[in-house]
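J.:
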Amino acid sequence: MQRLQGLSRELELSAQTTHTGAASVRALDRIAVSIDGTIHFIIAKEIDYLSASGDSVTAHVGTTLHTLRKSMSEMLAVLDERRFARIHRSTIVNLTRVVRVEPYLHGEFIVVLQGGAKLKVSRGYREAVAERLGLGAG
């Protein structure tokens, strides 16, 4: 019964809408990806981070990489804003995967994810990311 209640709560959360600017967009709980001509789905909350890769985005899910034919802005618009944040112009991170924060050069810092990946948070995103992680401003 507890498992059912937990799943129900999780479904409610994933069905809530995300507000981006003036438009309201429903946060996706899974992302379609084409693998060898077949459409597969990756669970959004299982994404560790997304990185810009030319005209597309690479989703890092554990040790697996998925290429998505979307822009970073398009991905940010459809992901749950409570879970995902832009930390650099070329990186979006799943904040629930962050296990440690390390200082870096010139006011920047590094977030270390559960799988060990280290990602730089640029100065332009530092304050917003620090606040989202509960670190306070800068």
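In our numbering, the protein residues as written are 6 to 143. C-beta: ideal position from N, C-alpha, C; glycine also.
(1) With distance defined between alpha-carbon atoms, name the residue in 114, 87, 63 nearest to residue 137.
(2) Using the C-alpha atoms, what's the distance from residue 119 back to residue 76?
(3) Please return the same chain residues whose Cβ sits closer than 8 Å to the Cβ of residue 67, not counting the five positions on each side in sequence.
(4) Put residue 123 into one of helix, strand or coil per three-state DSSP.
(5) Please list the terminal residues of the continuous beta strand (DSSP E) segment that includes residue 105.
(6) Give the single residue among 96, 90, 128 whose Cα lies nearest to the Cα of residue 114.
(7) Between residue 100 and residue 42, what straight-line distance do the alpha-carbon atoms span, to the nearest angstrom?
(8) Taking just the CA atoms, how far does residue 40 sit from residue 5?
(9) I'd like the ranges of any beta strand (DSSP E) spanning at least 3 consecutive residues and lying wholly in the stretch 45 to 77.
(10) Where residue 48 and residue 134 are concerned, what is the direct C-alpha to C-alpha distance, given to the nearest angstrom?
(11) Please list, in chain order, all residues of the same chain as residue 46 whose beta carbon is under 8 Å from its beta carbon, the five residues on each side excluded.
T.: The short version:
(1) Of 114, 87, 63, the residue nearest in Cα terms is 87.
(2) Rounded to the nearest whole angstrom, the CA to CA distance from residue 76 to residue 119 is 25 Å.
(3) Closer than 8 Å at the Cβ level, and outside the excluded window around residue 67, lie 51, 53, 120.
(4) Looking at residue 123 - three-state DSSP - the assignment turns out to be strand.
(5) Segment 103 to 108, the beta strand (DSSP E) holding residue 105.
(6) Measuring from the Cα of residue 114, the nearest candidate turns out to be 128.
(7) So the alpha carbons of these two residues sit roughly 31 Å apart.
(8) Not covered by the structure: residue 5. The range shown for the chain is 6 to 143.
(9) For the stretch 45 to 77, whole beta strand (DSSP E) runs of length 3 or above, ordered along the chain, are 54 to 58, 61 to 66, 69 to 73.
(10) Computed Cα separation, rounded: 23 Å.
(11) Cβ neighbours of residue 46 beyond the five flanking positions: 35, 36, 37, 38.
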